[in-house]
Structure formats: C-alpha cells, structure tokens
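Numbering (my numbering), first residue to last: 325 to 875.
As structure tokens, then:
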C-alpha cells in the first residue's frame, strides 16, 4: 500500500446564492491581464443551463476525458499519440471564442470627447480582441438565474440524457447554482494529453499545475480536459488553469474563492489515497460504479496501518493529523453526502459537491405541508424523482441511489436538529432511518451549518524539508504581464486605469480571520505593495516564519 496526500475541496450547493463573488475575486487575483480576458478559473453556472463554455459537458462533441477501449484498458477519448500528431496544428475538438464569449469593454472615452450633438453620447461595447464595435450576445454567466427556461434547457447536455417527461416537468421544478473550478483530478486527462509534458500533478499535495517554461501552446490539454477548465492565453501562447491558489495553500491559507465566499459553502482539507488503486478505479467497467470505486481509493487516516505507511512515504505528522480533521474526508466518507462532478469522465475529480436539498423543501412547503417533518420530507425526496434524476446525471453517472441517500441524510439532519432547537425531545429514530446515529447528525450539522473558519479550512502548511519538491512561492504565471506584474483593471488591459496591487501580510490576514473585533480597513501598516517589491529579499511580514502557519 502506497499513501499520497491530496488537497481537495467540497462545496455545499444548498448555500450557494449565485453572487459570483468567488468568480470576481479569482478573476481579479489571477487573470487580470491581456490575453485571458475571457478566462474564468472559477465560474458559477445556473443549472439547468448550458454551462461555460457552452455545452462543455457534451463529450460526444469535445471528446474530453477517458474511455475504456475494447480490451477494457483506459485511453484518452480524443485519441492517442498518432491522432494528436495528425491534428497537432489544427485541432477540431476545441472550443472557439464564440463557445466562450468575445470579451469586451466600453468606449468610455467617447463620453468625454464627443462633440455637441442632439442625442446623448453612449459608450458602445468594444471587443478586447479586435478593438472593433461588437454586439454582445453571450458571456460566462449569460443565463444566470434562468434555469428551467425552455429556450436554455434545450441546450443543456445533462437534461438531454433524461426522459422527455422529466425534461418538461423540470421547467416547473427548481434551479440551483453550480460553482466550478479545476477538479485537480487524481487521473488528470489534461496532463496525459499534453505533448510537451508541461502539465503535472504535484506529489506533495496533488495540485495540478502548468509549467509555463515547457508549455508550447499545442492546446491538446484544452481538448483533454472534460470540464474545459484549461484555457489558452492568446498573448503569451501558453495554457493556463486554476492552480488552487497554491502560494496561499502552502502557508496554510484557503484559496481566494473560498476565502471570499459569501455563503461559506466551501470546505478545504487533506485526503489520503492509494495511488496504486487509481488506475483500477478509473477503469471500472460500469460508469455508475465509478463513484463507489473512487471512494475506495481514499484511505482511512485513523487506520494505524495507513498512518505507518504515510510516515514511511514521507508525509509529515501534521499532514496526517490534518487528514483526520479534514472536513472533506468527513463529508465524503463519514457522512456520505458529498458527490463528485461527472465521474463518468474517469478522471477521478477532487472537487466534490453536497447536492441541494432546498428545492425539495420548497416544493413540499408550497403544498401546505410541514416541510421540516421527517415523514413528509423523506416521502418528498423519494417521490420527487425529477431533481434526483438530474442530479444523478451530474454527480453519479445517472445512478440515483447515492443522490437519494445523500438527500435523505441531509433531510434527517434537518428534521432531527429542528426538534433539538425547538426544545423538543430528540428522536433517535430519524438518524437511524438513514444509517446514522445522533452524534453523526450533530457533527454533520455543526460542519454544514455552524463550522468556524478553522473547521472549514484544515490546511497544513508546506514543510521546509519539502522545498526541493515545491515550486518557488512565486506564481507559475510570473512572467511579463502576469499576476503581480501590474494590471489595467478587473477584466483586462483595456478595461480601466492602472490599479495599485496591495496585499495583506500573512500575519495581518491571520489575525483578521481569527478575531471577533472589527479591523480598521484604513490601517495600512501591515500591507505590502507588490508593485514596489521585486520578489527578491524580504517583504516585511508577507510570508510566515517558522511556526507561524500553525494554530
């Protein structure tokens, strides 16, 4: 048995309000420069809907991910080395700018320079690619909050796989928000697709990165990723993707999208897994069994044999302790309420989701029944097959069993805790009906409803002795025009004026996150202006010292 560590994320979809704060802060932090105006490492989609880029889930068209060959062996759906060599200069299996959207700004200068005229001057939309006037017809969240509309749901690849009856009823059912980032898969097809070997998976934490020096811009990774979370920078000729904010993770801090999430729906933690089981799990014949197969790849951090193997593999003791306290491990393995996104792609994704229960409760409440009563809620979940069928196509390759089980556990927690909060005697039969005990329900309630900062983000800091295996703390996009090198506004070089880039120091950020008092935002004593720091030498208290990241 081998043991490796993976930093992973779980998102609770019941809490997402579709505010797009995560998308905007990620955009400002990592893609605020020319060449990536259309790039969203983090985006929030309305489901049902087309997604971003449009219909990215249609693998019959894009051929992303893996499939099983005639002999049951795993192979890239887009083809092997020969096919890549034949299409290396002209790849037809890649979204174009219309599948994303043509980024634009507005001709604000016209408002200031227009001469006298009978009508009020306007700021026409202008393409950030060609500089010409354009007609805006699509963007990354163009169908925001329009789930269920027949004009949009016809283009939903997931909805196409369910029955016509479900499709018609779905227009009256519900919608929900689906935040997406790179899945940092255990079996990444983007890395296997890269002819240059520029995409790699870090052995110390499992984060998938792009080596900008080795990337040659072949864009096979864009095709290979079934989630379409690898983008091409048309200015630098390099591929870019979500890096799980690894400079922050290395010092024990969460990603920018998680840090700024209004709904506090994101959980980050360490999962231990056996790399020897990855190929077998990804090669599971029946796609509906892939969810269970991936769970078997994960190792129990409380098992003494696993702990011993982890120590022999060089995993630090505090990482093993972090795996034991990991909210990701609890939601996936202990409570069994988190599910992977499209396991049928066979990449073994490591960003999982707690399915939304609220639509079921809303439908039940509209009928005039007590939506929190255990009997009513369990019955509604079992009878309301419309959302379960759609969610199953998203998270379990069409198998409704795990989805129904997760929703029933969430319903049991809601019913049990309502009685507790109202002062009624707790009913142990409610958790027992879903294979849980009272302590499990209480612990799950605390994690999903009340968890504090340190419980949602259990991230051990990187160790100095692992420095040779780690990249430099500077970002892999650290080249002319990259992050920290200046910028021209939140959506690219042409979208505004020069904006100073200042970041909070490590110590100030840690203090602010753990204090219950208000912090004066005007206090600039512990902020560092990145434009005045060349990345060499010391930058005040920007980075932690020995022992600072702990606690």
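Glycine included, each C-beta is placed from N, C-alpha and C at the ideal position. Values in this document were obtained by computation on a predicted structure and should not be read as measured data.
TODO: Would you kindly work out how many angstroms separate the C-alpha atoms of residue 363 and residue 750, rounded to a whole number?
DONE: Approximately 49 Å, taken between the alpha carbons.
Open item on the list: For residue 465 and residue 579, what's the separation of their Cα atoms in angstroms?
Closed with: One Cα belongs to residue 465, the other to residue 579, and the distance between them is close to 22 Å.
Open item on the list: Taking 8 Å as the threshold (C-beta atoms), are residue 555 and residue 565 in contact?
Closed with: Yes, the pair counts as a contact, with Cβ atoms nearer than the cut-off.
TODO: Apply the 10 Å Cβ neighbour rule to residue 448 and answer buried if 16 or more other Cβ atoms are within range, or exposed otherwise.
DONE: Around the C-beta of residue 448, fewer than 16 other C-beta atoms lie within 10 Å, and the residue is accordingly described as exposed.
- [ ] Grab me the residues of residue 341's own chain with a C-beta within less than 6 Å of its C-beta, minus the 5 sequence neighbours each way, in chain order.
- [x] The answer, listed in chain order, is 587.
Open item on the list: Under 8 Å: do the segment 345-354 and the segment 427-447 share three or more Cβ pairs, one atom per stretch?
Closed with: The count of Cβ pairs closer than 8 Å, one atom from the segment 345-354 and one from the segment 427-447, stays below three, leaving the stretches out of contact.
TODO: Measure the Cβ-Cβ separation of residue 607 and residue 398 and say whether it is below 8 Å.
DONE: Annotated as proximal: residue 607 and residue 398, with beta-carbon spacing under 8 Å.
- [ ] Check the C-beta distance from residue 522 over to residue 535 and give it rounded, since I have them as a contact under 8 Å.
- [x] The Cβ separation is near 5 Å, so the contact holds.
- [ ] Starting from the C-beta of residue 569, find all residues in its chain whose C-beta is less than 7 Å away, skip the five residues before and the five after it, and write them out in chain order.
- [x] Closer than 7 Å at Cβ, skipping near neighbours: 579, 580.
Open item on the list: What would DSSP say about residue 583, mapped onto helix, strand or coil?
Closed with: Here residue 583 carries a helix assignment [DSSP, helix/strand/coil].
TODO: Using the DSSP secondary-structure output, state which residues sit across from residue 523 in a beta bridge.
DONE: Looking at the DSSP output, residue 523 sits in a beta bridge with 534.
TODO: List the whole-angstrom C-beta distance separating residue 453 from residue 678, where the pair is believed to meet the contact cut-off of C-beta under 8 Å.
DONE: Not quite, the Cβ-Cβ distance comes to about 38 Å (not below 8 Å), so this is no contact.
Open item on the list: List, from N- to C-terminal side, the alpha helix (DSSP H) runs of 4 residues or more that fit wholly inside the segment 759-794.
Closed with: Counting only runs that start and end inside the segment 759-794, the alpha helix (DSSP H) elements of at least 4 residues fall at 762-769, 777-780.
Open item on the list: According to DSSP, residue 370 sits in a beta bridge with which residue or residues?
Closed with: According to DSSP, which records beta bridges pairwise, residue 370 is partnered with 501.
Task: Extent of the continuous alpha helix (DSSP H) run through residue 738 - done: Unbroken alpha helix (DSSP H) run through residue 738: 724-745.
- [ ] For residue 456, count neighbouring Cβ atoms within 10 angstroms of its own Cβ and tell me buried if that reaches 16, exposed if not.
- [x] So residue 456 ends up on the exposed side.
TODO: Would you mind reading off the limits of the alpha helix (DSSP H) that contains residue 644?
DONE: 641-648 is the extent of the alpha helix (DSSP H) around residue 644.
Open item on the list: With H, G and I counted as helix, E and B as strand and the rest as coil, what does DSSP make of residue 819?
Closed with: At residue 819, the pLDDT of 45 sits below 50, so the modelled position is not reliable and the matter cannot be decided from this model.
TODO: Tell me residue 328's beta-bridge partners as DSSP assigns them.
DONE: BP columns for residue 328 point to 597.
- [ ] Below 8 Å CB to CB, which residues in the same chain sit around residue 621 once its five sequence neighbours on both sides are set aside?
- [x] Cβ neighbours of residue 621 within its own chain (closer than 8 Å, five residues either side excluded): 510, 597, 598, 601, 602, 605, 672.
Task: Nearest neighbour of residue 675, chosen from 592, 658, 636, 574 [CA to CA] - done: Ranking 592, 658, 636, 574 by Cα distance to residue 675 puts 592 first.
Open item on the list: Can you look up residue 719 in the DSSP assignment and give me helix, strand or coil?
Closed with: Reduced to three states, the DSSP call for residue 719 is helix.
Task: Beta-carbon gap between residue 371 and residue 417 smaller than 8 Å - done: In this structure, residue 417 does not lie closer than 8 Å to residue 371 by Cβ.
Task: Span separating the alpha-carbon of residue 540 from that of residue 562 - done: One C-alpha to the other measures close to 6 Å.
Open item on the list: Distance check for residue 642 and residue 786, CA to CA, integer angstroms please.
Closed with: Whole-angstrom Cα-Cα distance: 10 Å.
Task: Distance, residue 640 Cα to residue 632 Cα - done: CA-CA distance, residue 632 to residue 640, rounds to 11 Å.
Task: Delimiting residues of the alpha helix (DSSP H) encompassing residue 565 - done: In the DSSP assignment, residue 565 falls outside any alpha helix (DSSP H) and lies within the beta strand (DSSP E) extending over 562-565.
Task: For residue 400, the first and last residue of its enclosing beta strand (DSSP E) - done: Taken as a continuous stretch (DSSP letters only), the beta strand (DSSP E) holding residue 400 covers 398-400.
TODO: Note down, in chain order, each residue of its chain lying with its Cβ closer than 6 Å to the Cβ of residue 752, except the 5 sequence neighbours on either side.
DONE: Correct list, in chain order: 762.
TODO: With a cut-off of 8 Å on the beta carbons, I'd call residue 471 and residue 375 a contact; round off their distance for me.
DONE: Not confirmed; about 11 Å, so no contact.
- [ ] Just tell me which of 504, 385, 366, 609 has its CA closest to the CA of residue 395.
- [x] Comparing C-alpha distances from residue 395 to each of 504, 385, 366, 609 shows the shortest one belongs to 609.
Open item on the list: Which residue wins for smallest C-alpha separation from residue 463, given the options 478, 429, 482?
Closed with: Looking at the Cα atoms, 429 is the closest of the given residues.
Task: Residues that residue 450 bridges to, as DSSP identifies them - done: Residue 450 pairs with 429, 457.
TODO: Find the nearest neighbour of residue 527 within the set 760, 483, 508, judged by alpha-carbon distance.
DONE: When each option's Cα is compared against that of residue 527, the closest is 508.
- [ ] Could you tell me whether the Cβ atoms of residue 369 and residue 481 are closer together than 8 Å?
- [x] Contact flag unset, no.
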